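Protein chains in written order, with this note's numbering: chain A, 22 to 336; chain B, 1100 to 1599; chain C, 572 to 929; chain D, 884 to 1209.
Remarks on the structure that follows.
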């Protein structure tokens, strides 16, 4: 009896993303068996690497009961920094470091306003996002974005064996994040706040500081995602769709991390893969944009309902 | 006795998590009566009244209202049937005005369907002024003081046009003058043949305004007597008088240790009498007294969770002035070796969906910088599980799969694992069965014998007497007396508290 | 019905006017490739909008930062206004891809009593009310880069999305010899420009054996275009031609074929420096329909002409031939970044300032 | 819906002035700051431009702010009960889409409202019965409704019944219709939010869990809040359809974010229970005045976005809260 209870508990801990991915894989396998090989699936995975990296930060923030809507602005801004030509003379390493520090500072600003100032995370990160986009618009007026240094592009197209380098990078980064969450004190703090912030406070967890740090890391991840995104486009742009941020929230939740549920990396990781595969399946089936929007909305909704019902039966 | 009772409760039983809070309790309320419900902390008074008010449902028994069998599944239903309640917990909504709080759920509307704010405020003002209050009914409750809120709750309960009004410790936050005003209101109610249930620990109030007393002990009826037939001493004897069970480990004979914690001149409210408390190495000290007298505020002041008005604290020689910072309070104290174990295990203590291992070690992790690797602390976990005899199949089990007693041990274990040499514990055995209680008592005694010091706060006076070395009796936001536990009795403590 | 009658009436009046004044019409050159619409003889009345300089000209841009092309079009307009000393003030308002904001912007321009308004409508109907209001207030309105449903405007320059799409479609039909399977990479879903270009494609392949075997929205973005193209390629790499509705998607798709070492099928492009670079480098069969940001300047020139009192045609078309590789080579600027578009009337100095590689 | 994290706050003494400044004296939130900012902006504009105070410009301002006011009122109602509605934008788009299908007005308008009610109900049920976080529930709904809109109206165009055209650009009793819309919306919303038992119950639910002990049916009221939000969004869609005289599947895109922005600017707290209609209208007015003012002052199109973001950040940082997070 106890055993069975444990088993069902374990079964319920499987994030919905795993099930969705399985369904999608089976669907694809039935429709196009020729697509089922590592090289091809790896290529599909490469398409969502920027999203995947943003999710690595988003899951930290969401499970600390906050949210980060500023990833789009960071990506746009970093893309502009690289492609505007302002830094063409700089060694590439400095450019990368500068970009990362931009993400870090934006994240820190978000974190301080949310954690210390206790302003609403939705509005703060939204406003920061607007300011970053506005900044790019302003700068692009004087100097529109141009080309991206070739090294970025070459890195993006690199392959190790059959696997594209960005996918390996993403996987390694996810592994690092997983290790970071699982093996550092910070991870314990995030888990604690996710589970019960008041208990966390009484256990001596520095709640405010943890929220600040979670936002800072999220900002850093946005900058890393921006580097990958910029390498993939290889040219500057002045606009960035809002889908990425919304999808990052959706993938995180699909991966079993909800506001106040302990963070884990692989569920959301698989959630991002779901987005990649969903796109492939729909394109293969010839489903157009409206159908895609509806299907994606329904999948997220059903997964969330599944989770909502679960948390109810647990409490 | 031809008068039909307004309320007749028969054989009411209620169990919380395997522990019986009420067993076959009878209670009867006659019109025009002020009925005192007496008993120790935890005797079941509040539970019984919550059942009558529809807040919780009984496991067994029957309630008749005016002779009809009723079953209240919500406070709303109880109110509609004429049972109005003023609870100890503040149930007012801070973002609504006084008038809105008083009429919420039954707001009058004008003929245009607009809520009649003017009417509500006029009425509220009338009721408030009858209670001698000059509050603007448009004020937000969030801006009121605790006593003012208490009065608004009373006003709300009284104005509900109910024929049964339950007042659960209405005077806990009130001063003597306020109490007079309240008593006048209660008399007015009885003149209208309404009935009042009055729960209070203030003996003089009981004997002044009540006519009947029902005494509960350990969730059972003791007696129901007219006030005229009983004296205060007899009443206290009825409430207490339990055997000192063998639950408690023997006190050790030890020499006086050095003072590890001392509080001086602490004033909980601006006009409260200053209190001083000290704790020696190797001893367990209790903060005893009736509920809501300031014990909680006192210990929470130590970790920055309550803002007192002056005084200072020294922890092993390091002095701090009150108030302490909220965010840093807990962490600073932990760094000094002081652990605070909060009362509400589920809301403030444990991470229910996280593993036992996480719950045990989070305190240890909190001492480190975020980026430091989190050691697995396997030994700590194994030792804790063994020394606390936590019954769980494996450390990765989420704690909500454990029993209440084991959960409590995990919570204690967290602070023990910290190596804290001072523990401040609120309600160490709340919702815990007898076996686990004994284990926890032994644990704390062993801890003290090993050189630790403990401050305990509990609603169960008996527990404090059995467990501790020394007691401070707290009343009206300050320490009224100090006594050694060995010679203390429930009687003495109650008297010390009530005679102030 | 009612509205139709009204339109007819307006048309009749205008046509009469046009016939009467035709002899005096002197051709004003707005831009290379922009010509009066054949079959529409209506003109504006000479001196009707004549005013003494300095002029205050307003422009409602549907979204300066929609993409790099829209930025450059705004720059072209600003540069043209700066070039003419008689333009005392040039007010550029950005609707930021919001129809509601565009309506508001036009209203704000009217409130500021500008002497002429240039509108690039976001959707065929979003600016109509504003245009009508402005004309009613006696302010001449020039419309370009985008269609309208009203014809209350004073002058319009229609660079047709339909024509653009058709040029690309005709190229594919010719390349494929009237038979073959193509992919279609479309722009932003529901965007009128995308829909018109698509219309042009359907017109071109009508009656031929060219079949669309796959179609998806690349949203005019490199990354989405690449995602689509990659997926389609891995699904079934056999394709005879690709119709792409935007330059970034073309680059993305070329990169996909290159990445797999496959021969690049005939694929349509656009007048963008980055695309030209790839085209010249790899030499795959392609065509670049022309849709220059110089239209921004053309709009300003039209406004200036009206304020000078010159006579303009009511409607102009901008339907040039597509560019082949030779013409692309002539325009390609190795020293400029990928985000420069052609044709443009930006001065060399401006080009270097905006797009120069340091 | 889980309660947001609240650490016990210290009972610090606050000056009367301080209380007014942080809006602690009422549950209407801190609307004084945005009001002062809006008034200051208006005054500055009145002196620095000739056009700002013209009747033409004021009418423009009203017409420009009207759809945002409508959407924001609905958004505020949902936020009061600790919710959020991201689907309002696609409801606006869907509404213009349905209206542009050439159906007679007596079919189209009820059809639009019915669609709105269904969407609101689905949002409400997902949030209450299935306990899905409002952001997720309405985000998914946003995608679904957007998809449906693109089926209904794949691209901008179509024509809207002429009655609706009149509803937006005509005059009634000599008063311009947009003014009537705004006044009507404010009156209706005032009745709902500040002048009815339902409205008071919304505040009570937002104020804390104890609302239930007063006998207030949380589920039903939250459901109603989401339905109202959708209906106000549909009303905004009707107005916009009349203004652009056609349907457009993308017209609503900005409204989800803009309405939350306006509501937050007006002092309404996203944690629920604190907010006001007047604050929301002030928030919308502030946004409209900023946009209009920047146009009239010829502030470069390229820095308007930055200015908007900075104002938002400044105003939100002036509202201290007890909770950390959303």
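Each residue gets a CB set at the ideal place from its N, CA and C atoms; glycine is no exception.
Note that the structure is a prediction, hence the values are computed from the model and not measured.
- For residue 79 of chain A, the uninterrupted alpha helix (DSSP H) segment begins and ends at 70-84.
- Collapsing the DSSP output to three states places residue 1350 of chain B in coil.
- Distance from the CA of residue 1107 of chain D to the CA of residue 80 of chain A, rounded to the nearest whole angstrom, comes to 32 Å.
- Interface criterion not met: the Cβ of residue 906 of chain C is under 8 Å from no Cβ in chain A.
- Close partners of residue 983 of chain D in chain B (Cβ separation under 9 Å) are lacking, with about 36 Å as the shortest Cβ gap.
- Nearest to residue 1217 of chain B by C-alpha distance, out of B:1235, B:1384, B:1577, B:1393, is B:1235.
- Residue 110 of chain A counts as exposed, since fewer than 16 other beta carbons sit within 10 angstroms of its beta carbon.
- Any Cβ of chain A closer than 8 Å to the Cβ of residue 1177 of chain D would place that residue at the interface, and such an atom is absent.
- The beta strand (DSSP E) runs of length 3 or more contained entirely in the segment 1181-1236 of chain B are, from start to end of the chain, 1182-1185.
- Just so you know, the alpha carbons of residue 856 of chain C and residue 1046 of chain D end up roughly 53 Å apart.
- Shown here for residue 659 of chain C: same chain residues with a beta carbon closer than 8 Å to its own, the five before and five after excluded, namely 624, 625, 626, 627 in chain order.
- Nearest in C-alpha terms to residue 1282 of chain B, of all of B:1263, B:1261, B:1304, B:1299, is B:1304.
- At a beta-carbon threshold of 7 Å, the residues of chain C lying near residue 254 of chain A are 793, 794, ordered along the chain.
- In the same chain as residue 255 of chain A, and ignoring 5 residues on each side of it, the C-beta atoms closer than 6 Å to its own belong to 169, 174, in chain order.
- In chain order, 1026 make up the part of chain D whose C-beta sits under 7 Å from the C-beta of residue 317 of chain A.
- If you draw a straight line from the Cα of residue 770 of chain C to the Cα of residue 1154 of chain D, it is about 49 Å long.
- Per DSSP, reduced to three states, the secondary structure at residue 1541 of chain B is helical.
- Three or more beta-carbon pairs separated by less than 8 Å link the segment 1153-1162 of chain B to the segment 1106-1119 of chain B, which places the two stretches in contact.
- With the criterion set as a beta carbon lying under 9 Å from some beta carbon of chain D, the members of the segment 681-700 of chain C are 681, 682, 683, 684, 693, 694, 695, 696, 697, 698, 699, 700, in sequence order.
- Between the segment 838-851 of chain C and the segment 869-880 of chain C there are fewer than three inter-stretch CB-CB distances shorter than 8 Å, so the stretches are not counted as touching.
- Within the segment 809-856 of chain C, the runs of beta strand (DSSP E) at least 3 residues long that lie entirely inside it are, in chain order, 812-815.
- Taking the C-beta atoms as reference points, residue 603 of chain C is found nearer than 8 Å to residue 914 of chain C.
- Not a single CB atom of chain A sits nearer than 8 Å to the CB of residue 1003 of chain D.
- Closest by C-alpha distance to residue 729 of chain C, out of C:838, C:811, C:608, is C:608.
- Interface with chain B (8 Å Cβ-Cβ cutoff): residue 42 of chain A is excluded.
- DSSP places residue 718 of chain C outside any beta strand (DSSP E), giving it a letter other than H or E.
- Residue 295 of chain A sits in a helix when the DSSP states are folded into three classes.
- Between residue 1540 of chain B and residue 1515 of chain B, the gap from beta carbon to beta carbon reaches 8 Å or more.
- Its Cα nearest to that of residue 826 of chain C, the residue A:178 stands out among A:188, A:178, A:183, A:157.
- Taking each of B:1379, B:1199, B:1349, B:1488 in turn and checking the Cα distance to residue 1358 of chain B, the smallest one comes out for B:1379.
- DSSP places residue 1138 of chain B in the coil class of the three-state scheme, outside both helix and strand.
- Using beta-carbon distances, residue 1367 of chain B does not count as an interface residue toward chain D, since no partner is under 8 Å.
- At a C-beta separation below 7 Å, residue 131 of chain A has no neighbours in chain D, since its nearest C-beta there lies roughly 10 Å away.
- Within its own chain, the residues whose Cβ lies closer than 6 Å to the Cβ of residue 1041 of chain D, once the five positions on either side in sequence are excluded, are 983, 1129, 1130, listed in chain order.
- Counting only Cβ-Cβ distances below 7 Å, residue 669 of chain C has contacts in chain D at 1137, in chain order.
- Using a CB distance below 8 Å, the part of the segment 934-950 of chain D facing chain C consists of 934, 937, 939, 940, 943, 946, 947, 950, ordered along the chain.
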